[in-house]
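Peer 1: Note that my numbering has the sequence shown beginning at 3, numbered continuously upward.
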Amino acid sequence: MAVRPPQQGGDDPDSLEFGIAALTPYLSEADLAFPATTDEIVRALNDPAIPYDANGNAVSLSEALAAVGPSRFDSERELLDALHPVFEEYRASGGGIFSQLRALLPF
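See the structure below:
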């Protein structure tokens, strides 16, 4: 997923990526071949913190993978499909009411 950040200056990125959209560049740059186990994936990607919402809240890849049922993935698509509901659950439950209010305010 991605969302446009508040406009503050000309050097800011066009969008903030989170969830599987934020994970995809790590997968593209890693020396990783599928099929792969969760341990191989975490090692190849150096266990990055993956933002799961537009507020910048993040979860380590190893923690997100621990919430996924399978420990072996035959393809990148299978990995992303398995992680998508995990990131959605983090996004839906993360931060509580104060984070939700802060996300609505323009500052």
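Each residue gets a CB set at the ideal place from its N, CA and C atoms; glycine is no exception.
Quick caveat: nothing in here was measured; it's all calculated off a predicted structure.
1) According to DSSP, alanine 38 sits in a beta bridge with which residue or residues?
2) Whole angstroms is fine: what's the gap from asparagine 86's alpha carbon to leucine 67's?
3) Cβ of isoleucine 52 versus every heavy atom of the ligand ATP: is any distance shorter than 7 Å?
4) So is aspartate 76 buried or exposed if we call it buried at 16+ other beta carbons inside 10 Å?
5) Excluding sequence positions up to five away, which residues of its chain have a Cβ less than 7 Å from the Cβ of serine 73?
6) Expressed to the nearest angstrom, what Euclidean distance is found between the alpha-carbon atoms of alanine 46 and serine 62?
Peer 2: Reading from the atomic positions:
1) Phe75
2) The question names asparagine, yet the displayed sequence has histidine at residue 86. So the alpha carbons of these two residues sit roughly 11 Å apart.
3) Inclusion of the ligand ATP in the displayed structure is not the case, the ligand content being empty and no account of it being possible.
4) Counting every other CB atom within 10 Å of its CB across the protein chains shown gives aspartate 76 a total below 16, marking it as exposed.
5) Thr39 and Thr40
6) 14 Å
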